[in-house]
Each structure stands twice: as structure tokens, then as C-alpha cells.
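S.K.: Chains as they are written, first to last, in the numbering used here: chain F, 1 to 525; chain U, 526 to 1050. Beta carbons are placed, not taken as given, at the ideal position from N, Cα and C, and that holds for glycine. Predicted, not measured: the structure shown is a model, and the values here were computed from it. Dropping the structure in here first, questions after.
There are 2 protein chains.
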Amino acid sequence: MSDQAKFQSAQATIVRNERFIRTAEQLKPALLREEVEPTRLVQMKADSSAMHGWRASREAGIDTLDSRELGKGQSVIADFGDHRVGYVSFEVRPVGSPPDAPLKLKLTFGEMPVEMAVPFSGYDGWISSSWLQEEILFVDVLPGRVSLPRRYSFRYLKLEVLDTSPKYRVSFFNLRCMTVTSADRANVAPFDHADPLLREIDRVSVRTLEDCMQDVYEDGPKRDRRLWLGDLRLQAQANYATFRNDALVKRCLYLFAGVPDDRGRVSANLFVEPQLIADDTYLFDYSLFFTVTLHDYYEATGDGNTLRELWPTARRQVELALERLDDRGIVKDDRTWWSFIDWHESLNKQAPSQAVLIYTLKRAIHLAKAVGCSSGAELERRLAEAEQAALDYLWSPEQGFFVSGEERQVSWATQIWMALAEVLPQQRNQELMKRLLAAQPEIAPTTPYMYHHLVEALLVVGLKKEAVDWMKTYWGGMLKDGADTFWELYDPNNPEFSPYGSPLINSYCHAWSCTPTYLIRHYGL
Amino acid sequence: MSDQAKFQSAQATIVRNERFIRTAEQLKPALLREEVEPTRLVQMKADSSAMHGWRASREAGIDTLDSRELGKGQSVIADFGDHRVGYVSFEVRPVGSPPDAPLKLKLTFGEMPVEMAVPFSGYDGWISSSWLQEEILFVDVLPGRVSLPRRYSFRYLKLEVLDTSPKYRVSFFNLRCMTVTSADRANVAPFDHADPLLREIDRVSVRTLEDCMQDVYEDGPKRDRRLWLGDLRLQAQANYATFRNDALVKRCLYLFAGVPDDRGRVSANLFVEPQLIADDTYLFDYSLFFTVTLHDYYEATGDGNTLRELWPTARRQVELALERLDDRGIVKDDRTWWSFIDWHESLNKQAPSQAVLIYTLKRAIHLAKAVGCSSGAELERRLAEAEQAALDYLWSPEQGFFVSGEERQVSWATQIWMALAEVLPQQRNQELMKRLLAAQPEIAPTTPYMYHHLVEALLVVGLKKEAVDWMKTYWGGMLKDGADTFWELYDPNNPEFSPYGSPLINSYCHAWSCTPTYLIRHYGL
């Protein structure tokens, strides 16, 4: 998920379940730490063929850093060799006369070359500039050791001397990053595949997930850093195929279940520091993904105790979603709701949300049976109604597509989610996806999140070759464009796209992009 | 003293005296701490009659701070009621939705209104901008408590919200400063005087000294922060009349004596963090002031042990100065030396330095006698020669002034130091000062440091009324112009003067300005 400032806030009354919160607290992971060093010094060069117009180019070996003497206005960029999430420290020593004034430094952290090359001061996007990773700091006593208290998400670090005095310069030593993650690489099965591109996509997916796994499954370690339900669901799926930190999934489920509103609805995302707070943002699809995530967790672990404890919360999300159905059995599309589905200004959310509900109902029914709950039969009846309503009112036989909203919009998102929800029988479902790929409606996927669902839908309907092709094109495209970890946003046809007004603020290691490892390993691609 | 970047550096070999350094270390004071709160909120208003064109104006009571909610681009200025040196802390709490982005704050500390009103970004002076007291910081977790690790010297603090997010604003609580000083107010005798202006000048002098007394006698707590010999001499004099932290004077003398160069010369200033380092700046007059400061310390304390230990260092400064005398017995004025005397571009330093040498010789002879050293007779002979040389070669009978340098410059500084050195007999000495005040040569005092010597010279020659008048005009002028503590720089005829190119970087609590309390109390004004 991404920053949600576009979603309106609802004043919600939170009903805390302290037992659930305690359970979540007990599951808080100890983070694994590893000290890493930069690998080289780089310069950023303008290159119109490179992503955002900038390319990192080797300037010197990292062993030359110690001997570099920087005066006022001089800078150096260290390349840490790969995406890193952690805490940075270094020593700084004066060269020349004893320092007769403090050292004023600016540090700029970047996941991508553009963040080193384009000044943050020009940023004027609509989410907070406070996400841009920079520090201005003073060192009063030299030589000195600087240990920055904040965590950064970066590959490149620019050390810039804003001022010293005419009497001295400085050199930097022992530049390090202490990385943190709750993902244990030792648990990941080696992945051997004949196709080197799939191997590389898998490797970078795993790195992406690793760097997003912290105290919770974070959205993006650079920006947002919170726990979002839609992303949790995908991260958990990737986790079952790789790191198997299932306790972290359990922890996140208990966190969401710990702070529902007074109707029992779970929030789209949580703040966990300084204390657990449910954000005042509720999304139709994300609330339902609580139920889906619990389903997947139970499938992966067989943990019946957790299922029994959290089933009421899971069932409640379905009940609340069903309350949104109109007389026809279709999700009401008015101004009182928000559903995410994808970042697209013009995307109508009605039909894909109907599909998400159907998708969830099928999994809720499975859980009801597992838990021995009598509501299973009722849920089956509602599922049948919702599916029939979708066929009756959202299916356009003339077009061969599902349509959404008053204007009967034909979007990729609608077909993809209807395919995932398996509303049509298998053969017709496959034809739907074939027709989608052939027709290429204008309202297309914009995010890795939506591309993930496209690829999975193709796999669900049996179009394995097309699924692999799309994955290679999209995630392989990110690799070609220099991804160390997979990005929050990538539109091959519009590489400068940012829903926030600047690529500087985009997150380049983002949970919802980590799914190829799940798709590859789970579906045996 | 002030920043010395204008003085050339000499490569010096330091010969450490570890015993002296240990003695100094053992005398390191425990700092007294006091928590102070701001007293009101202010705005800075443009006012051409105010110092630097800005005046602080009450905006609201400090009790309204808690309820103020600041969003992006908003700020508030807290007035701490008086000059403060210490550590600042506050709490910051979010208002609105849970904070979905870090808080980015800018803090600006100012001793004077101009520092709140004129952006530091425009500073382009010739000493380091790193002295400008500002911080940009991020608060990732809200509510949060911020305890800034650096010490600031200020009265005003601007809290400026650079960014939050559209979803929240912030309020500030429990804004505090933990002040630090090694000066104990309980030791200062109450000062009762019929003249309210003298009472106020005394009070502000004492405050100035108090805020400069830290681990050492600092130059200025905002800028420089080091131990300078010329300032130490004056602070010690003021200290004997007030706080009586004589151990701190002793500590500073041992610090200087601990790191002479291989010729035995003491540096003009010392760095004490992270370890004791002699700066590579040597000044003719400042080195001699080691001897003068030891003399004054012995006079004030009768501490014969310290005198005996440090006498060789004190004597050595005089010997080295005598080596600079030419065949005539006059201080050589060539390109190989630096003497401070005063901040004045055109001031020739020869004659005032000759006077400083004579002034010092008289005190060295006193010390030689006290310590029972046989060199006293030799010093008396050299004194007689130096005085006679001054009369023979620097005295201009036609003008009735001492002249300096090849161009026979007549300056205030020369006459003042000759008067202090008492080269002329008492009556002629008084006439010299009267003539000076009447003639007003063009090369005039520019700093409080030189004005101090002017006032003391008037007292030495018996012109008490003139001394008081000058003190009231000069230090009283600073008070009228809004001084909470006395300033590094003040030229009533040129209030914007800064030797650094901007009043933003000037220090407004400066050691060499604290002397009126000494002059008033010592001379019983």
C-alpha cells in the first residue's frame, strides 16, 4: 500500500482488545543485525536512458575514502552495493589546524541515483517532504564518531561538508551500516531455475521482502513504514514461500484484531509506535483482506488456536462488507466509501470490490468449516447471491467483460479480480483473461500491486506462459532499469510517474512489489 | 578574544607537560545546573531604531504555547527572558489524525532579535556558518520528547514546523533549558550603588561572566567557546571581584602551561575537547598575558605553590618577548609576528605591544621577587631599557603622543597601553590621557576589549569621572540597545559593524565585555 493521505478520514471509536494486543506484543521479533560497508565511491551522471535520467558511475574504490579531504562545499557519495535498511555510523577526523568551528554536515540517503542528483529542496509533491531522507548535523568536537539514531533505507549515501572553517578539512572513516530485519535468510530454500531472469527476479523479490520485514511487515522501509493490510496479505504469501517467519504474520493479525472500531471493523493500517494506534482510514477491500490473510495463514501453518481466536474478527469483516450490498446484491458505489484496488485516478471500484468480496467469501466459508462455525451455510448462501448478482448486473454479454459503476466502466482491475474470484467457470474465466489481454482496455494497471494480481489471475485461469511473460516484462523491466529491490511504482510506459508529484519521494523497496518469489515458487513457474 | 582565522598559523611543536595537564584535569569544575522556562511568546518587528533593525514584541503569554497547533510552515518564538547557556528539551504531540509522516522541525536559537528575523541562509561572512545556531531535525515517533544534545547560547528559540503531513499538526509542551555554568551566584557580594545605571551595568557584567564560565573561562558561549589568554586575564579579574572561582583560573593557567611549544611559548588559545590542544596561533601580547594573569592570580589568592610551579612558564614568555626587541630596544615590527591589541584594520601594533611588554615586565619583576628568583634584577634592567627606548624612539614631543610603526601612527591603543604601563610619571600620564580625549585620533578603539583598557587607563591616571562617563556611554549604550549580556562587538557610531561580515554571527555574550564589574568593584566607582 502507499500513503493514504488521499483517503478521507473517518472519526472512529476504537475498542481495544488488550489480550490480543498482549499476544501481539509477545510476538515482537528480535531483529537480526549485520554490519555492512560501502563498496565503492560513485558519481551520478546524467543519462537520458537511465531511470529518472541518472546513473551511478564508479568514481573510486572505497579504500580511497579515508584519504579524501573534504572542505566546505565538497561531497562524496558512498555506494553500499545493494539496498540497505539500518543504522549508519562513521568517524570524522579533522585535517589541518585544530578545528576552530563546528563541522556542519549534510547527509543525503537515496535508494536510487536520482535521490543523489536532484536536490530535495525542489520537492513540491503532495505528501510530506519529511520522508525525504536527509540530515543536517553539527559535530562540535573533532575527531568525532557519529552514530545516527534514525533508521534509513538506502543504497547511496552522500556526505556533504556544508561548512568547516578556513583552517581545516575533514576525512571520513569506518563508514558502516548496521542492517536490521526480522527475516532470516537461512530459512530460504535455494532457488535453482534454468531461466536466469526468473532467478534474478526471485532473488530481488526476496531482498525486497527481507528489507520490509522489521517489527511488523512494513509497507516500505523508506516511506510509510507502517503495517498495511493489503500489503501484509502479499508479504505473508511471499513469506510462506521463503523466510517462514510465520510468527510475524500472526503478530500482525493480532495487531489488527486488537484495535477494531466499535462496529468491529479493522483499519486499513496501523501505527505501532509509540503505541498501537489504528489509523482512521478504512478501505472496503483492505478490511476484507484481514479474513483472506487469516485464511492464508491457517493454510500455511494449520494453527487452529489462532484461527479460533481471530475468526470472529475475520467473520465480522465479511458481515460488514455484506452490509454494503444494495437490493440487487451489488456493492453500493456512492460517496461514503473507499476501496483501494489500484492507484488510478479514473478507476471505478465497484465491480472489483464485488469480486474481492466474492474472493473473500470463498475463503471465509473455508475458515467457517475449519472452525466448526454454523455461519458457514449462511455465508454460502450470500456467496451464491453475490456471484449471481455479479453475473446479472455487472456482466456485459455484448462486450464479454464485467463492467463497473454507473458508467459501466471496463477496466483491467475488474476483469482481474473477477478472474481471481473465479466467478465464471474455468474455461470462461480463461477466455475472459485472454479477451482482456487482446482488448487492452484503457483503464490499465498502474502499480506492482495490480500487476501482481494480473499475473496471479493469469495463473489461476491456466495461462502460465502469459503470466511468466508479464512477470518478466514488468519485474524484469525494473531490473533493467536498475532495481536493487522492487519498487512501489513502475510504469514502463511512463517511468516518471509518481502519484505524489516527484520520483524523489517514491519508495524503491516496497512490500507489494515483493510477490514474484511467491508466484514463482508457489505456482512452480 | 574573537575568532582568529585572520591570524596566520605557525607550525609549532608542542612539548606537553603531563603533570600540569593532570593538575588542570583535577581542577575541572562540576557545572551548576538550573532548569529555566520561557517567559512569553514574541514576534520580531522591524524597527529602524532597534539594534540591527529588529525588536522583540510580546505576542502572548507562555501559557498559550500548549494550546497552539502548528502545521506546515508555521512557527512560534519563545523568549526565555534572559540570556541562557544550556541544553534545551521539549515534548511535541500530534493534533489531528495519527501522524502518517515524520515531523520535520527547524530550531533557530538567537541571542538577539536579528537572529530570529533574518534567515541564516543568507549569511555569507568569512567565519564559518557552522556557528549559526540552528538545527533541522526529524521526529519519527509522536508524541515524542526531544532532548537536544548540543549546548546553545540564546534568549530566543524559534520552533518552526517545516513539514508534517496534511493529516496532523503539532503542539509543543514543557519547553525547558537546563542552564550550565561553573559560576556560583551565592559567592557574589550584593552590589548597592546610588547610580542605577552603574548597578545595571554591574548586573549585566556579572551575567556575562556567569554565562562564559564553563569548564574553562570561555571566550563566548555562542561562538568560539575556547579558552583565550587575553580574555582569561580579564575574566579572572572580574571573577576576583565576584564569583571567586579562583580554582578555574588556576585550571586555565595550568592548561596553558601544559602545552607550550618547543621554545616554551604559550599559545594564544586552547582547545580542550576531545583533548587538550594548543591552537597554532601565537600572539605577542597574549603570550605575555600568561605572566600578567599569573601575577593577578597570585595577588588575589596568595597561592605560592602555583606561583612557584608556573613561574618558569611566566618568565619564559617575558624572555621570548624580549628577544623581539631590536638594537634600540623596541619591539620589531615586521611581517613575522602577530599581536592582537584590538580589532582594527589599520592599527599599528608596535608601540602598544612595547607598552604591553613594559606592563608585563613590571608584574614579572613582582613575581620574581615573590618567588625569590635571581632573575629579578636582570628583568629590572630590561624594564629600564624598554621604558627608555619607548621614550627615546616612540615618544613624539611635538605631538605629545607615543607613535607606532614606520609611519609613526598616533592611535588610541598606543596611548592607552602606554598609560596602563605607566611609562610616564603620574602627572604626565594623566596629561597624556587628557590629550588623547581632547585630540581624538582617528585610529580609535573598536571593541569592548579596547574600551575596557581605555576606562582602566583613565582610572590608573586618576581620571575617575571620565572613566565612569566612558563606561556609562559605552556599556550603558549596549544596555539601551537591548543587551541582556554584553557583546563581543559594539561601535555606537557603527552598530552594524562586524569584522565577520554579518551581525548574525557576532557573539552577544562575550568574555572581554564582562569587565565593568571588575572596574566598578575593584576601583570602587
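For aspartate 481 of chain F, which residues from the same chain have a beta carbon less than 6 Å from its beta carbon, with the 5 sequence-adjacent residues on both sides left out?
M.R.: The residues are Met51.
S.K.: Is any beta-carbon of chain U found at less than 8 Å from that of lysine 104 of chain F?
M.R.: So yes, lysine 104 of chain F belongs to the interface.
S.K.: If we ignore side chains and look at the alpha-carbon of each, how far apart do aspartate 334 of chain F and aspartate 326 of chain F end up?
M.R.: Whole-angstrom Cα-Cα distance: 11 Å.
S.K.: Grab me the residues of tryptophan 470 of chain F's own chain with a C-beta within less than 8 Å of its C-beta, minus the 5 sequence neighbours each way, in chain order.
M.R.: Tyr451, Leu454, Val455, Leu458.
S.K.: Out of curiosity, what's the CA-to-CA distance linking leucine 283 of chain F and aspartate 1009 of chain U?
M.R.: Taking the straight line from one Cα to the other gives about 57 Å.
S.K.: For phenylalanine 532 of chain U, decide whether its Cβ has a neighbour in chain F, counting only Cβ atoms nearer than 8 Å.
M.R.: Confidence is the limiting factor: at phenylalanine 532 of chain U the pLDDT is only 46, short of 50, which leaves the residue's position unreliable and the question unanswerable from this model.
S.K.: Which class does isoleucine 866 of chain U belong to by DSSP, given the choice of helix, strand or coil?
M.R.: Coil.
S.K.: Does chain U have any CB closer than 8 Å to the CB of serine 129 of chain F?
M.R.: It does: the Cβ of serine 129 of chain F has a partner Cβ on chain U nearer than 8 Å.
S.K.: Closer than 7 Å, Cβ to Cβ, to anything on chain U: give me those residues from the segment 261 to 284 of chain F, in chain order.
M.R.: So the close ones are Phe271, Glu273, Pro274, Ile277, Asp279, Asp280.
S.K.: Leaving out five residues before and five after serine 534 of chain U in sequence, what residues of the same chain have Cβ atoms less than 8 Å from its Cβ?
M.R.: For serine 534 of chain U, the predicted structure reports a pLDDT of 48, less than 50, and the residue's modelled location is therefore unreliable. The matter cannot be settled from this model.
S.K.: For a quick check, are the C-beta atoms of tryptophan 487 of chain F and proline 441 of chain F less than 8 Å apart?
M.R.: No; because the gap between Cβ atoms is not below 8 Å, this pair is not in contact.
S.K.: Compare the C-alpha of glutamate 422 of chain F against each of F:Phe402, F:Ile330, F:Ala439, F:Gln409 and name the closest.
M.R.: For the residues F:Phe402, F:Ile330, F:Ala439, F:Gln409, the minimum Cα distance to glutamate 422 of chain F belongs to F:Phe402.
S.K.: Mapping the DSSP letters down to three states, classify tryptophan 475 of chain F as helix, strand or coil.
M.R.: Three-state DSSP puts tryptophan 475 of chain F in a helix.
S.K.: Tell me where the beta strand (DSSP E) around alanine 60 of chain F begins and ends.
M.R.: Run containing alanine 60 of chain F: 54 to 61, per the beta strand (DSSP E) assignment.
S.K.: Which of the residues in the segment 861 to 874 of chain U, read from start to end, lie with their CB under 7 Å from any CB of chain F?
M.R.: Per Cβ criterion, the list is empty.
S.K.: Let me know the secondary structure DSSP gives lysine 464 of chain F once reduced to three states.
M.R.: Note: lysine 464 of chain F maps to helix in three-state DSSP.
S.K.: Of all the alpha helix (DSSP H) runs that stay within the bounds of the segment 319 to 385 of chain F, which reach a length of 4 or more residues?
M.R.: Runs of the alpha helix (DSSP H) inside the segment 319 to 385 of chain F: 350 to 371.
S.K.: Return yes when the Cβ of leucine 367 of chain F is within less than 8 Å of the Cβ of arginine 382 of chain F, no when it is not.
M.R.: No; because the gap between Cβ atoms is not below 8 Å, this pair is not in contact.
S.K.: What does the alpha-carbon distance come out to for the pair alanine 902 of chain U and glutamine 551 of chain U?
M.R.: Distance between the alpha carbons of alanine 902 of chain U and glutamine 551 of chain U is about 36 Å.
S.K.: Taking DSSP as the reference, what is the three-state secondary structure of phenylalanine 80 of chain F?
M.R.: The answer is strand: DSSP assigns phenylalanine 80 of chain F an E or B state.
S.K.: Excluding five sequence neighbours on each side, which residues of the same chain lie with their C-beta closer than 6 Å to the C-beta of serine 1032 of chain U?
M.R.: Once the five neighbours on either side are set aside, the close Cβ partners of serine 1032 of chain U are Gly745, Lys747, Arg748, Glu1013.
S.K.: Check arginine 680 of chain U in the structure and name its three-state DSSP category.
M.R.: If DSSP states are grouped into helix, strand and coil, arginine 680 of chain U belongs with the strands.
S.K.: What ranges does the beta strand (DSSP E) occupy inside the segment 915 to 998 of chain U, keeping only unbroken runs of at least 3 residues that lie completely in it?
M.R.: Here no run is fully enclosed.
S.K.: Counting only beta-carbon separations shorter than 8 Å, does aspartate 740 of chain U have a partner in chain F?
M.R.: Chain F, which has no Cβ nearer than 8 Å to the Cβ of aspartate 740 of chain U, makes this no.
S.K.: In three-state DSSP terms, what is asparagine 245 of chain F?
M.R.: Reduced to three states, the DSSP call for asparagine 245 of chain F is coil.
S.K.: Please check if any C-beta of chain U sits within less than 8 Å of the C-beta of arginine 381 of chain F.
M.R.: With 8 Å as the cut-off, arginine 381 of chain F does not count as an interface residue toward chain U.
S.K.: Can you list the residues of chain U that arginine 169 of chain F reaches, using a CB-CB cut of under 9 Å?
M.R.: Under the 9 Å cutoff, chain U gives no residues; its nearest Cβ is about 12 Å from arginine 169 of chain F.
S.K.: Relative to chain U, which residues along the segment 405 to 435 of chain F have a C-beta separation below 8 Å, given in chain order?
M.R.: Cβ contacts with chain U come from no residue of the segment 405 to 435 of chain F.
S.K.: For glutamate 912 of chain U, which of U:Arg888, U:Lys959, U:Gln879 has the nearest alpha-carbon?
M.R.: When each option's Cα is compared against that of glutamate 912 of chain U, the closest is U:Gln879.
S.K.: Which ranges does the beta strand (DSSP E) cover as unbroken runs of at least 3 residues, wholly within the segment 217 to 304 of chain F, from first to last along the chain?
M.R.: Those beta strand (DSSP E) runs which fall completely within the segment 217 to 304 of chain F and span 3+ residues are 269 to 271.
S.K.: Check each residue of the segment 97 to 125 of chain F: if its Cβ is closer than 8 Å to any Cβ of chain U, include it; give the result in chain order.
M.R.: Listed by position, the residues of the segment 97 to 125 of chain F near chain U (Cβ gap below 8 Å) are Ser97, Pro98, Pro99, Asp100, Ala101, Pro102, Leu103, Lys104.
S.K.: At 8 Å on the CB atoms, spell out the chain U contacts of proline 143 of chain F, in chain order.
M.R.: In chain order: Pro799.
S.K.: Looking only at C-alpha atoms, which of F:Tyr297, F:Trp343, F:Asp47, F:Arg263 sits nearest to tyrosine 449 of chain F?
M.R.: Residue F:Trp343 is the option with its Cα nearest to tyrosine 449 of chain F.
S.K.: Helix, strand or coil: which one does DSSP assign to glutamate 91 of chain F?
M.R.: Residue state, collapsed to three classes: strand.
S.K.: Answer yes or no: does any C-beta atom of chain A fall closer than 8 Å to that of serine 614 of chain U?
M.R.: Included in the structure are the protein chains F and U, with no chain A among them.
S.K.: Relative to the C-alpha of tyrosine 152 of chain F, which residue among U:Pro627, U:Ser672, U:Val705, U:Leu949 is closest?
M.R.: Selected option, being the one with the closest Cα: U:Pro627.
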